[in-house]
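For reference, the structure discussed in these notes is given below.
There are 2 protein chains.
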Amino acid sequence: MGRAAIIAGSGTLPRLVAAALEAPVYVTLDGASAPEGATHVSARIEKLGRLFKDLRAQGVTEVTFAGAMVRPKINPVLLDRHALRLAMSLGKGDDALLREVLALFAEQGFTVRGAAELCPDLTLPSGTHWGHAPSPEETADTDRAQAVLDALSPLDVGQGAVCAGGQMLGIETVQGTDALLRFVAQTPERLRRAKGVFVKAPKRGQDLRVDMPTIGPETVAAAIAAGLGGIVIPGGAVIVIERDRVRHQIEEAGMFLSAQ
Amino acid sequence: MGRAAIIAGSGTLPRLVAAALEAPVYVTLDGASAPEGATHVSARIEKLGRLFKDLRAQGVTEVTFAGAMVRPKINPVLLDRHALRLAMSLGKGDDALLREVLALFAEQGFTVRGAAELCPDLTLPSGTHWGHAPSPEETADTDRAQAVLDALSPLDVGQGAVCAGGQMLGIETVQGTDALLRFVAQTPERLRRAKGVFVKAPKRGQDLRVDMPTIGPETVAAAIAAGLGGIVIPGGAVIVIERDRVRHQIEEAGMFLSAQ
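Protein chains in written order, with my numbering: chain C, 54 to 313; chain L, 54 to 313.
This is the structure:
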């Protein structure tokens, strides 16, 4: 592989990816700074032609998107022809917009790679297990939450679900994982038969190169606050940020985390 | 039909049913009082044999369950043989427990009827429409929320779902409708593309005689607080409590309510 550029969204992920790569190019779209050891390219969403040129000048052949991207606010006066094409897709759904972004970079000769592809250590291999062994009830809760995600997957809904003692306590919607776990934390005690399991997984057909589900210390803290017993993810398909800290949290809280 | 007895759970529904029936028998299990015009039978969950005897003495042949039932706290010392059978089912799921209750009443010769069967005015006929005509976007949101409920129905999950501008904002879990709508109300503005539609419907195979989904003024107030544009229910299969008040709320808030 040639030199890689990271298109940096929010959160700690872009910096973790940068730290794992040799001499990366670090592209920010919001005027943010770049980590030490990376070549900084400060770009504007309206000037994609300039970005493509800068990337080529740096010898970049691979591009990876890392961290949450917000739908950009665009100044229409400044749009170049590439950005104009993107702007015309802004009214479409997230998936359509994403496909347009990928097509733009591909046409310019860049290979779009997933962050987890460039840094395999970002995900956990299947079979990874931290903390206590799940009880039969926790295994049943895992299966039920997974069945709910499977049923919703064709509808492009649901990256996460919580089941406790056979009852669904929450299904992730557009507000994301943290909101889901806060909701679960508010479940009245009388409705709660067990601690429960949080299953997090990609949707079927989700493009893992640009949109891999991610958990990290904040997710685990929210799961602890929600009184959950365990977290289950598929191996190789969910990014685990700061895995050592996550493992410590899981073990200290008496929970389990399992990559299946 | 013969004389009907209402097994009264919580909320206003039992009294609405009582008001619609001629000389009903009103059974309370928690020491609550009965409305005027009804014959009061104060029963204990442990003494079902006594309840059956009292109902027969009053000439009751039809029984209806109205209002939310909490899983009873049972004093095992007091159990008669009927209640003992029920107590043995308490460890099972809600559906299994319900089936046992229905079987017990049926074996004693009572016909279990849905509240909406005894009082057809509790539901809205298909084609009922209050408030503004839904926009094409609201119709699409209705279809998407309904598709999510359909996908979850075989798993015995989801009586309600909210979709706004093509994005799911919430899927009902065990905490119920009010918790769902409170969750939706907290959606950050930047994630919200439209007001959205709340679809409420029974799950496939749900026994509407004892467990019909219910909305009322509190539901509409919560939907208004969540900024929703409309509510959609199936005709004849969701109880609408205090319909005149509900209609007034809907129209005043510039929403719509549609029974399809």
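Every residue, glycine too, gets a C-beta built ideally from N, C-alpha and C.
Please read these numbers as outputs of a predicted model, since none were measured by experiment.
C-alpha gap between residue i and residue j, whole angstroms
i	j	result
residue 225 of chain C	residue 167 of chain L	33 Å
residue 209 of chain L	residue 131 of chain L	34 Å
residue 101 of chain C	residue 230 of chain L	46 Å
residue 67 of chain C	residue 275 of chain C	22 Å
residue 186 of chain L	residue 309 of chain L	7 Å
residue 143 of chain L	residue 234 of chain L	30 Å
residue 306 of chain C	residue 249 of chain C	14 Å
residue 192 of chain L	residue 272 of chain L	20 Å
residue 70 of chain L	residue 260 of chain L	18 Å
residue 189 of chain C	residue 198 of chain L	33 Å
residue 86 of chain L	residue 93 of chain L	8 Å
residue 136 of chain L	residue 175 of chain C	56 Å
residue 207 of chain L	residue 244 of chain C	22 Å
residue 362 of chain L	residue 239 of chain C	As displayed, chain L neither begins before 54 nor continues past 313, which places residue 362 of chain L out of reach and without an answer.
residue 268 of chain C	residue 292 of chain C	6 Å
residue 232 of chain C	residue 127 of chain C	28 Å
residue 88 of chain C	residue 134 of chain C	30 Å
residue 171 of chain C	residue 205 of chain C	30 Å
residue 254 of chain C	residue 200 of chain L	21 Å
residue 77 of chain L	residue 149 of chain L	28 Å
residue 117 of chain L	residue 294 of chain C	54 Å
Chain C within 8 Å of residue i, Cβ atoms only
i	result
residue 141 of chain L	no
residue 285 of chain L	no
residue 236 of chain L	yes
residue 228 of chain L	yes
residue 267 of chain L	no
residue 224 of chain L	yes
residue 208 of chain L	yes
residue 150 of chain L	no
Chain L within 8 Å of residue i, Cβ atoms only
i	result
residue 251 of chain C	no
residue 221 of chain C	yes
residue 70 of chain C	no
residue 98 of chain C	no
residue 314 of chain C	The structure shown has nothing for residue 314 of chain C, since chain C only spans 54 to 313.
residue 92 of chain C	no
residue 204 of chain C	yes
residue 117 of chain C	no
residue 240 of chain C	yes
residue 310 of chain C	no
residue 82 of chain C	no
residue 244 of chain C	yes
Residue from the options with nearest C-alpha to residue i
i	options	result
residue 296 of chain L	L:230, L:241, L:270 and L:59	L:270
residue 313 of chain L	L:75, L:96, L:195 and L:94	L:195
residue 123 of chain C	C:113, C:162, C:214 and C:83	C:83
residue 277 of chain C	C:262, C:264, C:93 and C:215	C:215
residue 140 of chain L	L:162, L:117 and L:98	L:98
residue 160 of chain L	L:119, L:174 and L:115	L:115
residue 303 of chain L	L:251, L:136 and L:241	L:251
residue 327 of chain C	C:282, C:169 and C:56	No statement about residue 327 of chain C is possible, as the shown extent of chain C runs from 54 to 313 and does not include it.
residue 299 of chain L	L:177, L:119, L:106 and L:264	L:177
residue 111 of chain C	C:282, C:253 and C:58	C:58
residue 282 of chain C	C:254, C:311 and C:104	C:311
residue 60 of chain C	C:138, C:155 and C:149	C:155
residue 212 of chain L	L:219, L:223 and L:153	L:223
residue 158 of chain L	L:279, L:263, L:301 and L:280	L:263
residue 257 of chain L	L:104, L:90, L:202 and L:96	L:202
residue 219 of chain C	L:104, L:227 and L:221	L:227
residue 62 of chain C	C:73, C:96 and C:90	C:96
DSSP three-state assignment for residue i, whether helix, strand or coil
i	result
residue 167 of chain L	coil
residue 61 of chain C	strand
residue 222 of chain C	strand
residue 211 of chain L	coil
residue 119 of chain C	strand
residue 185 of chain L	coil
residue 78 of chain L	strand
residue 263 of chain C	coil
residue 106 of chain L	helix
residue 56 of chain L	strand
Residue i CB to nearest heavy atom of the ligand NAP below 7 Å
i	result
residue 120 of chain L	Because no ligand of any kind appears in the structure shown, any question about the ligand NAP cannot be addressed here.
- [ ] Tell me, please, whether the region 179 to 195 of chain C touches the region 276 to 290 of chain C by the rule of three or more beta-carbon pairs shorter than 8 Å.
- [x] Yes, the region 179 to 195 of chain C is in contact with the region 276 to 290 of chain C.
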